[in-house]
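Line by line, the protein sequences are chains A and B. For my numbering, add 16 to where a residue sits in the first sequence, where the first one is 1. For my numbering, add 158 to where a residue sits in the second sequence, where the first one is 1. Positions of the beta carbon are idealized from the N, C-alpha and C atoms, including for glycine. Predicted model only: the values in this text are computed from it and were never measured.
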Amino acid sequence: MKKQNATKFLFLAPFMISLLLFWVIPLFTGLGISFTDWDFISPEMSFVGLENYVDIFTDPDFSKAVWNTIVFSLGTIIPSIVLGLCFALVLQKKFTGSSTYQMLTFSPWITPAVAVSLVWSWIFEPSRGYANHLLEFLGLPPLEWLHSSETAMLGIIIFTVWKSIGWTMIFYMGALERVPKSIYEAATLDGCNSISKFFHITLPMISPTTYFLAVVNIISAIQVFDQIEVMTQGGPGGSTSTLLYLYYERAFQNFQMGAASAVAMVILFITLVLSIIGARMAKQHVHYE
Amino acid sequence: MEALKKASVHLSKHVLLAVSALFFSFPFIWMILGIFKTNKEIWQQPYKLLPYNFDFYRVIESIANLSFGRYILNSLFVGIVGSFLMILAAALFSYVIVFMKGKYTKWLFVLVLTTYMLPGAVTYVPSFVILARMGLLDTLAGLMLSNLASVFAVFYLRQSFLKMSYEYFEAALIDGASHLSILRHVVFPLNKSAFYTLFILTLVQQYNNYMWPSIILRSNENFLVSQALRQFFIQGGAYGRNWSEIMLASTIVIVPLIIVFAIGQKRLITGIAQDSGIK
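Structural data, given as structure tokens:
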């Protein structure tokens, strides 16, 4: 028995040590730092109470970042999930070329965000890029894309949806495959058409996957960084600065560790609230076998 | 009439797919064509999609001048070794919470579940300080150590282990096998496809990783590909930007991944679709 405990300990140790050192302890120290004015360089710091929180809540940059995070999250999650499901429905039945389409849809996901952001920066260039060339071809007026505070976020969203559709599609393909054929057959006998089959069978049966994808996509939307850093650096005029980007600027460019940690705690709080709401909604609407 | 309707559905499906295929692959086509364009071509009006000529000699010469080899090796090293260690730690941990259940193992999994719901980036400031105290800032070892605990990997492996028949495990235990050898010779072979999928996924993630490595890695020789690309992109300033060379650098960074993807594509796609069975 003693030997078994030793084995258990040794098996758990590598993962647990790393989890404690780089997840659990940082979470609590982060909370602590958020009440100080630490600047990273000087050895001393003083307790400032809630000052950092008061500062960020009265800072217009902060409320702008909250708004940008919401716009980015909704603007990327909804199209990725809807389009990912559409592609999964179309590509679910095997036909000539279906695996090529599958691979093309998935390939943006595996390539480094930084590398493809560079390519898209060029596509979005107002005078030399292809996006405006395409608009001109369609008879539409050209846009300033990443150079204007009105369209920069749109550019980032188009890029992100392009990159993530393949990932959601693959999860949905697995989910669609797991829906038992017998249910569809029974529904056909009862005279259901394909639209009502989709809404009454397919959607409820794949709802666990939808829930999972919503949770995973929210967390990654909140953490978006690479494409913003490469394409706009939060600009122009803060129009693409999300909460995480604000956190990054405060911490690693201005070395205001206290203020940055306060932003981190707000991000954490929002995620917690969303998870709780999500879990509640899942209980009501997600159909588990 | 019925046949005509079917044919038109079929046709519209393929037209739709062809258009979307173009949408997904266009940036890659644009990137490859961009390599062969000279600065003069990039500025010309009216715009041309195709370059004047495909001067392979010039491109090969530029590849030699870029010297991205070092960064690709760094990224591959972190991708392969880092993923191996990450999966090893996750496999050992998942083994205990699935096969050696006890009072505390349930709570350990709850802890893992909770961290899975949290954005990891909020821990970057204190993690940075901890790495600095350990003297591991600006080292690839520090990067791999701080990425060792992958909550996703535990999630994924646990799901796969749970589907395994418990009898194999018990039979091996009765035969007197040690837990390490059960993991190696029973659990691993039975969950091979999950391990395989997970390895490719983490390799891709580690290879591409940008934010955290760019915070902790400072010296040029330690850069991963994404960080090196970004530096290369900004060094010319917004106006002196040499798009042709930037496209070339992006391409050579992507090539190793395309190779990994081409080898593992089929199993990767079915692996994510099936093993991730969300319950």
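At a cut-off of 7 Å, is residue i close to the ligand GDP when judged by its beta-carbon and the heavy atoms of the ligand?
| i | result |
| --- | --- |
| residue 347 of chain B | The model depicted lacks the ligand GDP and carries no ligand whatsoever. |
Could you say which of the options lies nearest to residue i if we only look at CA atoms?
| i | options | result |
| --- | --- | --- |
| residue 196 of chain A | A/47, A/186, A/222 | A/222 |
| residue 234 of chain A | A/283, A/201, A/155, A/78 | A/283 |
| residue 64 of chain A | A/256, A/77, A/48, A/124 | A/48 |
| residue 66 of chain A | A/50, A/244, A/252, A/224 | A/50 |
| residue 241 of chain A | A/27, A/118, A/130 | A/130 |
| residue 408 of chain B | B/393, B/387, B/255 | B/387 |
| residue 224 of chain A | A/32, A/250, A/302, A/93 | A/302 |
| residue 174 of chain B | A/127, A/171, A/106 | A/106 |
| residue 211 of chain B | B/198, B/358, B/288, B/226 | B/198 |
| residue 250 of chain A | A/77, A/20, A/227 | A/77 |
| residue 372 of chain B | B/233, B/166, B/264, B/274 | B/233 |
| residue 101 of chain A | A/184, A/281, A/244, A/215 | A/184 |
| residue 44 of chain A | B/243, B/265, B/176, B/282 | B/282 |
| residue 34 of chain A | B/166, B/167, B/243 | B/243 |
| residue 255 of chain B | A/52, A/29, A/80 | A/29 |
| residue 85 of chain A | A/255, A/269, A/289, A/299 | A/255 |
| residue 172 of chain A | A/248, A/56, A/270, A/285 | A/248 |
| residue 287 of chain A | A/265, A/245, A/243, A/239 | A/239 |
Buried or exposed for residue i, please, with buried defined as at least 16 other CB atoms from any protein chain shown within 10 angstroms of its CB.
| i | result |
| --- | --- |
| residue 261 of chain B | exposed |
| residue 284 of chain B | buried |
| residue 166 of chain A | exposed |
| residue 349 of chain B | buried |
| residue 59 of chain A | exposed |
| residue 325 of chain B | exposed |
| residue 337 of chain B | buried |
| residue 195 of chain B | buried |
| residue 169 of chain A | buried |
| residue 215 of chain B | exposed |
| residue 36 of chain A | exposed |
| residue 393 of chain B | exposed |
| residue 111 of chain A | exposed |
| residue 225 of chain B | exposed |
| residue 104 of chain A | buried |
| residue 176 of chain B | exposed |
| residue 420 of chain B | exposed |
Using C-beta distances below 7 Å, list every residue in its chain close to residue i, excluding the 5 sequence neighbours before and after it, in chain order.
| i | result |
| --- | --- |
| residue 430 of chain B | 355 |
| residue 189 of chain B | 405, 408, 409 |
| residue 241 of chain B | 357, 360, 361, 364 |
| residue 267 of chain A | 273, 276 |
| residue 368 of chain B | 384, 385 |
| residue 252 of chain B | 312, 315, 316, 319 |
| residue 178 of chain A | 124 |
| residue 8 of chain A | With chain A covering only 17 through 305, there is no way to say anything about residue 8 of chain A. |
| residue 31 of chain A | none |
| residue 117 of chain A | 107 |
With a CB to CB cut of under 8 Å and the five nearest residues on each side skipped, what residues in its chain are close to residue i?
| i | result |
| --- | --- |
| residue 238 of chain B | 361 |
| residue 231 of chain A | 291, 294 |
| residue 322 of chain B | 345, 348, 349 |
Let me know the alpha helix (DSSP H) ranges lying completely inside the region 227-299 of chain B, each 4 residues or longer, listed in chain order.
-> 227-235, 241-257, 263-274, 282-291
Cβ pair count under 8 Å reaching 3, the region 150-158 of chain A against the region 119-138 of chain A | no
The region 341-357 of chain B / the region 414-426 of chain B touching (three or more Cβ pairs under 8 Å) = yes
Could you tell me whether the region 78-98 of chain A touches the region 177-189 of chain A, using the rule of 3 or more Cβ pairs below 8 Å?
-> yes
Identify every run of the alpha helix (DSSP H) within the region 21-85 of chain A, keeping only runs that are complete inside it and at least 4 residues long; order them along the chain.
-> 41-49, 67-74
Tell me, please, whether the region 240-253 of chain B touches the region 299-308 of chain B by the rule of three or more beta-carbon pairs shorter than 8 Å.
-> yes
At least 3 beta-carbon pairs within less than 8 Å: the region 376-386 of chain B vs the region 319-332 of chain B | no
Please go through the region 351-378 of chain B and give each complete alpha helix (DSSP H) segment of 4 or more residues, from N-terminal end onward.
-> 369-374
Could you give the uninterrupted runs of the alpha helix (DSSP H) lying entirely in the region 197-247 of chain A, keeping only those of 4 residues or more?
-> 197-205, 210-213, 223-238, 242-247
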